Amino acid sequence: MDHEYVISLIENNTRIDGRNFNDYRDIKIETGISKNADGSARCIIGDTEVIVGIKMDIGQPYPDSADEGSIVVGAELLPLSNPEFEPGPPGTQAIELARIIDRGIRESKAVSFKKLCIKKGEKCWMVFIDVYTINDDGNLIDAGALATLAALNGARFHKLEDDKINYNEYSNDKIKLEVVPITCTFGKINGKIILDPNSKEEKVLDARLSIATSNGKIYALQKGGDKGFTMEEINHMIDTAIHKEKELKRLIKVI
Amino acid sequence: METQNENILVKPREIVVPGQVLANGIDYLPNDGTYRDKNDIVSSKLGLVNIDGRVLKVVSLTGSYQPKENDVVIGRIADMGFSGWYVDIGSAHQANLSIRDVVDFIDRGADLARYYDFDDLLVAKIVKITRFKNVDITMKAQGLRKLKGGKIIEITPTKVPRVIGKQGSMISMIKDHSKCNIIVGQNGRVWIQGDNVADEILATKAIMKIEEASHVDGLTNKIKELLEEGRKNA
Amino acid sequence: MLEKRTDGRKFEELRKIEAKVGIIKRANGSAMFKIGDTIAIAAVYGPRELHPRFLQNPEKGVLRCIYDMTTFSVSERKKPGPNRRSTEISLVTEKALLPVLDLSMYPTSVIDVFIEIIQANSGTRCAGITAASMALAHAGIPMKDLVSAVSVGKVGGRIMVDLNKDEEDFKEFGGATDIPIAYIPRNGEFTLLQLDGEIHKEELIKALEIGREACKIIHKEQQKALKEIYKEIE
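Following this line, the structure appears as structure tokens:
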């Protein structure tokens with residue numbers, strides 16, 4: 001109901017929570033939030049909360065990458081996090097969220113797939129990354145991506161006995177992030193670009209762009225929304241993302 | 001000597017929970033948010049105890065809008081039928097607005113959209129709630145009208161009395177300082193219209209502050225300070 | 001017979017409890033309940049419009065409970081989504097909560113209760129019901145009382161309360177009999193009662209008796225958590 005209010009504020013260069021156009025809300029990251037997970041984290045951006053848990057399993061390498069393991073990213077938009085989310089299997093929004101997060105990790109090689117190899121051509125570790133939304137106040141993408149990095153950072157491997165997982169013991173192996181790709185999501189409202197849209201702003205966005213970067217390199221892009229961006233706008237958002245990346249990177253203390 | 005007070009187990013404005021015993025015996029009467037269980041009067045809600053003579057009530061501090069007859073609400077036209085409109089008032093069901101409750105004379109086959117179109121905002125009054133919880137609203141009373149311009153913000157319905165204040169004192173103070181037109185719907189929707197955005201933001205801040213701290217004492221002074229600060233900076 | 005518990009607790013002793021209300025801002029009501037290493041969160045939305053329409057009950061509201069576990073809440077990764085076990089737990093959860101609710105106030109509407117298990121170490125359905133109870137109260141839904149739940153059981157011949165995972169999986173001295181219960185202190189009724197194992201009547205009665213006392217302790221924690229949300233704002 002407050003769509004017009006949000007838009008009129010943006011036109012006056014303010015945001016409903018008083019932030020600048022290039023500001024994130026307060027970000028908090030907590031790790032080890034679920035003991036049975038091999039790695040886990042909670043990321044809170046403003047009032048948005050997302051949790052991620054990692055579980056390793058044994059799988060077969062894909063034929064074209066016999067000496068590599070892989071990641072499998074799933075996301076669920078839990079109905080408890082937003083009155084508009086309905087129970088049921090992941091819909092397009094959940095699938096898009098999972099694939100954006102996957103792309104950032106995969107393309108930046110944040111996790112070394114070669115280190116996930118157990119026996120070339122036969123066995124490898126599959127890193128299952130499951131993203132759950134707990135409270136949706138906008139920008140699930142950036143919260144999900146940060147929680148994923150925090151959960152992967154130092155995630156542990158169980159001991160293998162006769163090529164079977166011993167769920168009672170961990171080995172000394174841990175996942176070490178080779179790269180820390182930071183995802184920044186922008187929205188466009190009436191021609192103005194804002195970073196980290198909250199849920200009220202998301203409702204009136206004309207377009208949205210998520211950018212995953214690390215040290216000046218761009219690893220993933222995803223445009224959403226019904227309208228488009230101009231060349232200048234894209235330029236501006238990438239510059240901002242590259243700049244913000246340095247700040248946000250500090251939230252992940254690589255082990 | 002036995003006094004009435006021995007049977008009451010809570011203080012006024014104490015926070016109570018469902019299942020909590022508020023009083024024993026027959027001296028007190030259960031009202032909203034309470035029920036009688038043999039010798040006890042028990043709270044059925046999470047909220048503040050209200051002791052009015054012998055009547056015990058528990059006022060909710062949380063929860064979605066429960067329509068009541070005579071409530072003035074802000075609604076949005078959601079759909080149109082043959083003889084009226086369906087209006088979203090933020091409760092479990094849409095309210096019914098019959099054409100008879102808008103104008104006295106209407107041509108057969110008239111286009112309802114001429115009066116109210118999709119997404120129009122109205123200040124309406126609940127006239128009747130049927131046994132099956134159907135809500136009928138009317139536009140035929142003083143002060144009711146279609147809203148033009150302005151902005152809507154939403155607050156928790158249970159906080160509305162605090163935003164209005166005793167005899168409207170709180171909302172008057174906000175209107176004076178912010179210089180905005182403000183209509184507070186019992187359904188938690190608040191319409192604000194000012195000459196500029198800064199004034200509207202000031203009014204919004206004050207109202208949202210009340211929502212956050214509605215049960216706190218000395219709130220009136222805190223809001224007054226907020227408004228005076230805001231006026232200085234404007 | 002089992003001499004001591006794996007974690008050194010007394011047979012009638014509960015694991016450490018932590019309860020918090022209002023953890024999910026978008027929900028009408030929400031709560032977290034942690035007992036030992038089991039963590040459950042619950043959110044309530046409603047009363048709200050129920051779709052599809054054929055599910056609506058013109059006489060009273062519908063309570064819809066969905067219990068779900070995250071893939072990483074358990075030792076061996078659980079496939080995401082509902083399974084037969086979670087479907088059954090959703091049903092018994094609904095039956096455990098219904099007795100304290102008066103849904104005739106909300107015809108054709110639905111009250112949605114979503115429970116998510118973040119970390120599992122036995123007693124998850126009970127933790128879910130306990131959290132859901134607090135979330136319903138927080139949502140302003142009138143309730144006769146809060147519902148408190150805990151698992152009791154017979155492990156290695158001993159009757160005990162609040163089984164942990166090792167106890168649930170115990171194989172010696174006759175193994176483990178798991179008895180999840182939910183209890184309403186106000187009227188002394190059990191609203192969840194399941195049993196999985198082998199037990200004599202006298203042992204079962206003893207288990208229910210210590211379970212009832214354990215539920216009363218949990219009940220106090222639930223009440224405390226509900227009242228605490230208002231203390232924080234002050």
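Chains as they are written, first to last, in this note's numbering: chain A, 1 to 255; chain B, 1 to 234; chain C, 1 to 234.
Here a beta-carbon is modelled for each residue, glycine too, at the ideal position from N, C-alpha and C.
Note that this is a predicted model, so its numbers are computed, not measured.
Drop a sphere of 10 angstroms on the beta-carbon of B/Val123, count the other beta-carbons inside from all chains shown, and report buried for 16 or more, exposed for fewer.
buried
Between A/Phe128 and chain C, is any beta-carbon pair separated by less than 8 Å?
For A/Phe128, the answer is yes, since a Cβ of chain C falls inside 8 Å of its Cβ.
Less than 8 Å between CB atoms is the rule here; does C/Ile233 satisfy it with respect to chain B?
With a pLDDT of only 45 at C/Ile233, under 50, the local geometry of the prediction cannot be trusted, and no value is derived from it.
What beta strand (DSSP E) runs, 3 residues minimum, are completely inside the region 145-174 of chain A?
156-161, 164-174
Mind checking the region 78-91 of chain A against chain B and listing, in chain order, the residues whose C-beta falls within less than 8 Å of any C-beta there?
none
Please name the residues in the region 78-105 of chain C whose beta-carbon is closer than 7 Å to at least one beta-carbon of chain A, in chain order.
Listed by position along the chain: Pro80, Gly81.
Is C/Thr70 helix, strand or coil by DSSP?
It is coil, neither helix nor strand.
Report the partner residues of B/Met80 according to the DSSP bridge assignment.
Residue pairing by DSSP puts B/Met80 in a beta bridge opposite B/Trp85.
On the criterion of 16 or more Cβ atoms from any shown chain inside 10 Å, does C/His51 qualify as buried, or is it exposed?
By the C-beta density criterion, C/His51 is exposed, having fewer than 16 other C-beta atoms within 10 angstroms.
For C/Val113 and B/Gly90, what's the separation of their Cα atoms in angstroms?
19 Å
Could you have a look at C/Ala139 and say whether DSSP puts it in helix, strand or coil?
Shown here, C/Ala139 sits in coil according to DSSP, grouped into three states, outside any helix or strand.
How many Å lie between A/Glu245 and A/Ala110 at the Cα?
15 Å
From the DSSP output, which residues share a beta bridge with B/Glu229?
In DSSP, B/Glu229 forms no bridge with anything.
Can you tell me the Cα-Cα spacing of C/Glu221 and C/Thr130, whole angstroms?
10 Å
Can you list, in chain order, the residues of its chain with a C-beta nearer than 8 Å to that of B/Met208? Leave out the 5 residues immediately preceding and following it.
Ile153, Ile155
Near B/His177, what residues of its chain come up, given a Cβ to Cβ distance below 6 Å and the 5 sequence neighbours on each side ignored?
Leu227, Arg231
Count Cβ pairs between the region 150-162 of chain C and the region 87-107 of chain C that sit closer than 8 Å; are there 3 or more?
By the Cβ test, the region 150-162 of chain C is not in contact with the region 87-107 of chain C, since fewer than three Cβ pairs between them sit closer than 8 Å.
Please report how far the alpha carbon of B/Asn31 lies from the alpha carbon of B/Lys57, in whole angstroms.
5 Å
Using 8 Å as the limit for Cβ to Cβ distance, is A/Leu149 near chain B?
no
Which residues, in chain order, does the region 3-32 of chain A contribute to contact with chain B at a C-beta distance below 7 Å?
Taking 7 Å as the Cβ-Cβ cut-off, the region 3-32 of chain A approaches chain B at Glu4, Tyr5, Ser8, Leu9, Asn12, given in chain order.
Can you say whether B/Asp111 is buried or exposed, counting buried as having 16 or more other CB atoms within 10 angstroms of its CB?
Taking a 10 Å sphere around the C-beta of B/Asp111, we find fewer than 16 other C-beta atoms and assign the residue as exposed.
Using the beta-carbon of each residue, which ones in chain A are nearer than 8 Å to C/Ile66?
Pro79, Pro87
I'd like the list of long-range same chain contacts for A/Gly121, defined as Cβ closer than 8 Å, with 5 residues on each side in sequence excluded.
The residues are Pro61, Ala66, Asp67.
Take A/Gly104 as the anchor and find which of A/Val73, A/Ile51, A/Lys115, A/Gln93 has the nearest alpha-carbon.
If we check each option's Cα against that of A/Gly104, A/Val73 comes out closest.
Which same chain residues, not among the five before or five after C/Lys20, have their C-beta less than 7 Å away from its C-beta?
Ala31, Met32, Ala225
Excluding the 5 residues flanking C/Met160 on each side, which residues of the same chain have their C-beta closer than 6 Å to its C-beta?
Phe11
Within the same chain, show all residues whose beta-carbon is closer than 6 Å to that of B/Glu225, passing over the 5 residues directly before and after it, in chain order.
None.
From C/Ala182, C/Lys154, C/Gly22, C/Ile184, pick the residue whose C-alpha is nearest to that of C/Glu172; which is it?
C/Lys154
Given a cut-off of 8 Å on the beta-carbon distance, is the pair A/Tyr167 and C/Ser75 in contact?
yes
At the level of alpha carbons, what is the spacing between C/Pro180 and B/Thr34?
30 Å
Could you pull out every residue in the same chain whose Cβ sits closer than 8 Å to the Cβ of C/Gly174, ignoring the five residues on either side in sequence?
Lys154, Gly156, Gly157, Glu198
Using 8 Å as the threshold, is the C-beta distance between A/Glu258 and A/Ile194 below it?
No information on residue 258 of chain A is available, as it lies outside the stretch 1 to 255 that chain A covers here.
Could I get the ranges of all uninterrupted beta strand (DSSP E) runs contained in the region 23-109 of chain A, with 3 residues as the minimum, in chain order?
27-31, 39-45, 48-59, 70-76
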